[in-house]
Amino acid sequence: MSVFREHKTTADRSASDRRRHKKRIEDALKKGIHDIVADESIMGQNGNKKFRIPVRGIKEYRFVYGDNSGKQVGSAPGKDIKRGQKIGEADDEQQGQGPGKKGTNDKGEEFYDVEITLDELAQYLFDELELPDLERRQLSNINQEKLKRSGYRSDGIMPRLDRKKSAIARIKRMKAAGFDPDKAEEGETFPFHEDDLKFRHYKKKEEPCTNAVIFFIMDVSGSMSQDKKFLARSFCFLMYQFLRSKYEQIELVFITHDVEAREVDEEAFFTQYTSGGTIVSTAIELANEIVDKRYHPSSWNIYTFQCSDGDNFASDNVKFLEEVYALKQVCQLYGYCEIDPDKNNMSYSYESGGYQTLYDLLQPLRDKKLQTAYVIKKEDVWKAFRTILGGVEKEGG
Amino acid sequence: MEYSLDDLMKWDEKICEIAKSKYKVDFYPIEYETIDYYEMIGAMAHHGMPSMYNHWSFGKAFERTHNMYNLGMEGLPYELIINSNPSIAYLMRENPFPLQILIMAHCVGHSDFFKNNRMFKNTRPENVVQRMRAAKKRIQSYVEDPTIGIDEVEAVIDACHAIQFQTTKHGLRRRTQEEIRDELIEELKKAKQKEDVSLQKKLELKLDTVPLEPDYDLLGFISENAKLPNWKRDIIEIIRDEGQYFWAQIQTKVANEGWASTLHYKICHDLELPSELHLPIIKSHNQVIRPHVGGINPYHLGFHIFAHIEKNRGWEECLIAREACHDGSFIRQYLDEELCYELNLFSYSKKRNKSIVIDDVADEEGWENIRNELATSVGGGSIPVILVEEIRRNGELILRHEHDGRDLDVDHAHKVVEHVKTLWGDRVRLLAQINNVFTSID
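For the record, the sequence lines run as chains A and B.
Per the working numbering, residue 71 is the first one in the first sequence, and the count goes up by one each step.
Per the working numbering, residue 549 is the first one in the second sequence, and the count goes up by one each step.
Put into structure tokens, the structure is as follows:
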């Protein structure tokens with residue numbers, strides 16, 4: 071005779087184990103996050119949208135047999151099998167199975183789809199980023215007058231009348247006077263007195279401005295290949311995510327240019343491309359105009375990030391520098407990112423003489439407000455991001 | 549089908565009665581706990597233990613089962629029973645009634661196997677639940693100790709898990725160093741009497757090494773010989789004990805499941821169930837013991853071996869097999885040509901050109917090869933044998949892989965050696981044979 075009973079669990083028994091497992095996955099995710107930032111699938115998503123990324127499972131290593139693990143035994147579905155009969159093909163090349171596939175690959179490696187939002191992803195990225203004086207130096211240094219609530223007053227303008235407070239004051243006075251509306255005679259009322267009225271009071275306060283506008287400027291001329299645009303896009307995405315986590319309100323202005331500049335929407339910015347030459351000053355000029363018209367530097371933090379492959383008509387270079395100089399004066403930060411996947415070494419610089427790219431041209435202007443960076447391959451995007459924000463280069467960063 | 553606790557108890561009584569009187573099995577008292585599917589996944593993640601120390605790997609196991617369950621890739625196992633006295637078994641509320649009857653009959657088989665099989669002799673089922681509970685408390689106290697903390701505790705558990713099943717083969721008792729020393733000294737005396745100088749030298753050299761003979765119990769050896777703070781040694785001993793407890797089950801998967809399936813099949817037949825109960829049971833039974841094409845389903849293989857034994861040698865022999873065998877010996881002893889042929893067993897391997905080709909089929913010349921391949925690779929045979937060879941004078945720990953034709957996975961071996969370093973606290977080197985070349989992994 072066996073015993074039967076209800077299973078008693080006081081709590082979800084493996085909850086803490088799962089938490090630790092999740093933490094491990096997150097740690098692994100953070101370590102590999104720089105590989106993820108330049109992934110096509112996460113660009114151009116809004117912050118709350120969840121997306122799934124496959125993360126290599128946290129492996130538990132034990133001694134196991136390797137490839138030549140000898141013969142295996144199995145059951146056949148019937149008798150019609152022969153020695154030497156080929157029954158399949160081993161595909162070892164599955165190792166390092168790319169993202170997108172789920173489950174287990176040949177070597178028993180597991181992949182977990184981790185669901186995170188862009189906000190969380192940005193959080194992981196920027197948690198890890200150690201930019202000690204960044205905020206003091208680059209962000210929020212415009213002050214703006216704002217009206218702040220500051221208690222109540224018994225005089226003021228009618229639009230600021232606080233009805234609830236006023237009603238309470240009248241009731242208090244009514245009770246004190248011993249007036250009972252239920253017992254009151256017909257027509258007898260207890261009207262508001264001037265002293266009952268309470269008005270909200272406001273004070274002027276200086277506050278750091280929490281509005282920001284980001285100008286993204288991109289070269290869409292013929293020389294910008296899909297590869298280059300992809301890198302540019304990754305870079306812009308990171309900047310956007312970062313600033314978004316720092317400011318309440320962010321406005322974006324997208325400007326593309328070839329021989330002339332246009333203000334475009336986000337989608338066009340990332341997809342459009344044209345053929346033909348490049349006159350880059352037109353774009354900076356347009357940005358300057360937009361600042362004049364819409365974003366007064368006294369109430370907006372202005373950021374400009376420009377991505378280009380560095381080509382320009384030589385005759386435009388002087389104009390370009392003048393416009394950049396003007397724009398830089400009103401910006402918190404002007405970041406220039408040169409994208410050139412064809413280039414294979416970083417030592418190439420303006421000192422070497424000869425043909426000058428925009429990167430080379432901008433070097434004399436470099437200071438804390440104007441930063442330049444290079445992106446040659448996917449892995450550089452994160453470095454460029456850090457360079458431009460003036461981060462301290464960290465091991466493995 | 550609606551059913552009540554009384555229904556379960558009524559059938560349980562009959563099951564226990566038939567098992568004892570007709571099949572002469574002798575099992576621990578069983579305690580069934582009713583559980584929902586979510587709790588079942590939780591219980592599975594903890595190997596059915598009512599209380600288990602905390603570790604992220606159990607969380608991972610939970611997530612995996614839960615995902616698979618949600619994706620419909622894998623049904624939950626019908627039964628979960630632990631090797632304890634009394635045996636604790638779980639009945640999922642979502643199971644239909646006929647399945648519960650099948651499970652109870654199946655659990656009787658497992659409990660009997662736990663109680664009688666030789667491999668389980670040192671698993672101490674009478675206090676395993678208390679042991680695990682105490683272990684959980686102690687490990688928790690190390691986690692909460694501000695001088696230790698969860699990260700260090702996890703690192704030690706991770707390392708222990710990596711070599712948890714590197715233990716003595718087939719549950720043999722590990723001889724103490726004193727016993728071995730006494731024996732060697734005895735041999736040395738004899739050698740001196742015989743004036744056999746070379747043997748004398750050899751024995752003297754042997755007496756000078758640690759360990760005196762190759763030690764298969766890696767955690768045991770480390771616990772005895774490494775310089776360790778008490779908490780680390782305690783964790784090592786906890787995981788070692790847990791490893792030996794589960795090792796018995798790893799080695800007897802085919803025999804154990806075969807035995808339980810044999811008993812549930814026979815008992816359910818003897819219960820004379822109304823057909824609306826019996827038909828679903830037959831259906832579930834066929835599902836459980838179906839062959840897995842290209843692989844081995846332990847339920848299928850074990851069930852048919854026991855049926856074969858009973859047919860040829862009678863029920864008494866079945867009782868002997870369940871008592872004496874681990875999977876390797878079970879297959880070597882009882883899988884004959886007739887059964888190999890009947891079960892369509894074949895062996896295959898990957899060739900150089902990457903094609904997978906059949907090596908042997910179950911005919912007169914092939915069946916023995918198939919049986920031998922199977923006997924070496926089932927149960928504990930799936931885990932490479934690693935032994936402690938010696939501690940070098942510079943403190944380096946030398947491990948060796950006992951090569952049996954199968955190479956180690958080098959990538960994994962590297963990672964495990966790193967884990968062993970964490971525990972040993974000094975250099976560690978693993979000697980292995982990879983692609984016919986002696987290789988040192990450190």
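C-beta atoms are modelled at their ideal positions from N, C-alpha and C, and glycine is treated no differently.
Taking the Cβ atom as the reference point for each residue, do Thr-344 (chain A) and Gly-292 (chain A) lie within a distance shorter than 9 Å?
A contact, by the Cβ cut-off of 9 Å.
Can you list, in chain order, the residues of its chain whose CB lies under 6 Å from that of Cys-401 (chain A), leaving out five sequence neighbours each side?
Cβ within range, chain order: Ile-372 and Thr-374.
Please confirm whether Lys-152 (chain A) has its beta-carbon closer than 9 Å to some beta-carbon of chain B.
yes
Is the CB-CB distance between Asp-410 (chain A) and Val-350 (chain A) below 9 Å?
no
Spatial distance of Met-600 (chain B) from Lys-717 (chain B) (CA atoms):
26 Å
Give the residues of chain B in contact with Arg-130 (chain A), contact being defined as C-beta atoms less than 9 Å apart.
What sits at residue 130 (chain A) in the sequence shown is Glu, not Arg. Residues of chain B passing the Cβ test: Ser-605, Lys-608, Asp-706, His-709 and Ala-710.
Name the chain A residues whose beta carbon is nearer than 8 Å to that of Asn-631 (chain B)?
Counting only Cβ-Cβ distances below 8 Å, Asn-631 (chain B) has no contacts in chain A at all, with the closest Cβ about 16 Å away.
Beta-carbon neighbours of Asp-82 (chain A), restricted to chain D and to distances below 9 Å
Of the chains in the structure shown, none is chain D; the protein chains are A and B.
Please state if the CB of Ile-651 (chain B) and the CB of Gly-596 (chain B) are separated by a distance shorter than 9 Å.
no
Burial state of Glu-256 (chain A), where buried means 16 or more other Cβ atoms lie within 10 Å:
exposed
Answer yes or no: do Lys-685 (chain B) and Tyr-576 (chain B) have a C-beta to C-beta separation smaller than 9 Å?
no
In chain order, which continuous runs of the beta strand (DSSP E) of length 3 or greater are located wholly inside the stretch 886 to 940 of chain B?
893 to 898, 903 to 909 and 934 to 939
Please decide whether Ala-160 (chain A) counts as near chain B, where near means a Cβ-Cβ distance under 9 Å.
yes
Tell me, please, whether the CB atom of Val-451 (chain A) is closer than 9 Å to any CB atom in chain B?
no
Do the CB positions of Ser-84 (chain A) and Phe-606 (chain B) come within less than 9 Å of each other?
yes
Closest by C-alpha distance to Ile-829 (chain B), when choosing among B:Pro-644, B:Ser-552, B:Tyr-586 and B:Glu-561
B:Pro-644
So, using beta-carbon positions, are Glu-314 (chain A) and Ile-325 (chain A) closer together than 9 Å?
Position check: residue 314 (chain A) holds Arg in this sequence, whereas Glu was assumed. No.
Helix, strand or coil for Arg-94 (chain A), going by three-state DSSP, please let me know.
helix
Can you check whether the C-beta of Ala-146 (chain A) is within less than 9 Å of a C-beta belonging to chain B?
yes
Counting pairs of beta carbons, one from the stretch 255 to 273 of chain A and one from the stretch 230 to 238 of chain A, are three or more of them closer than 8 Å?
yes
List, in chain order, every chain B residue whose beta-carbon is nearer than 9 Å to that of Glu-96 (chain A).
Correct list: empty, because the minimum Cβ distance to chain B is about 12 Å.
Among A:Tyr-444, A:Gly-158 and A:Val-134, whose alpha-carbon lies nearest the alpha-carbon of Val-933 (chain B)?
A:Val-134
For the stretch 901 to 914 of chain B, which residues have a CB atom closer than 8 Å to at least one CB atom of chain A, in sequence order?
Lys-902, Ser-903, Ile-904, Val-905, Ile-906, Asp-907, Asp-908, Val-909 and Gly-914
Reduced DSSP category for Val-143 (chain A) - H, G, I as helix; E, B as strand; rest coil:
strand
Can you tell me which of the three DSSP states Val-704 (chain B) falls into?
helix
Decide if Pro-839 (chain B) is buried, meaning its Cβ has at least 16 other Cβ atoms within 10 Å, or exposed.
buried
Find the nearest neighbour of Thr-613 (chain B) within the set B:Asn-631, B:Pro-634, B:Met-588 and B:Val-802, judged by alpha-carbon distance.
B:Met-588
Measure the C-alpha to C-alpha separation of Ile-446 (chain A) and Asn-773 (chain B) and round it to an integer number of angstroms.
53 Å
Does the beta-carbon of Ile-815 (chain B) have 16 or more other beta-carbons within 10 angstroms, so that it is buried, or is it exposed?
So Ile-815 (chain B) ends up on the buried side.
Along the chain, where does the alpha helix (DSSP H) that runs through Ile-563 (chain B) open and close?
553 to 571
Going by DSSP, which residues form a beta bridge with Met-288 (chain A)?
The beta-bridge partner set that DSSP reports for Met-288 (chain A) consists of A:Thr-326 and A:Cys-377.
Who are Met-294 (chain A)'s beta bridge partners in DSSP?
According to DSSP, Met-294 (chain A) bridges with nothing at all.
Gln-155 (chain A) touches chain B at which residues, Cβ-Cβ below 8 Å?
Val-905 and Ile-906
Distance cutoff 9 Å, beta carbons only. Does Asp-381 (chain A) sit that close to anything in chain B?
Not a single CB atom of chain B sits nearer than 9 Å to the CB of Asp-381 (chain A).
Straight-line CA distance for Ala-357 (chain A) to Thr-457 (chain A)?
23 Å
Taking 9 Å as the threshold (beta carbon to beta carbon), is His-949 (chain B) in contact with chain A?
So, interface residue.
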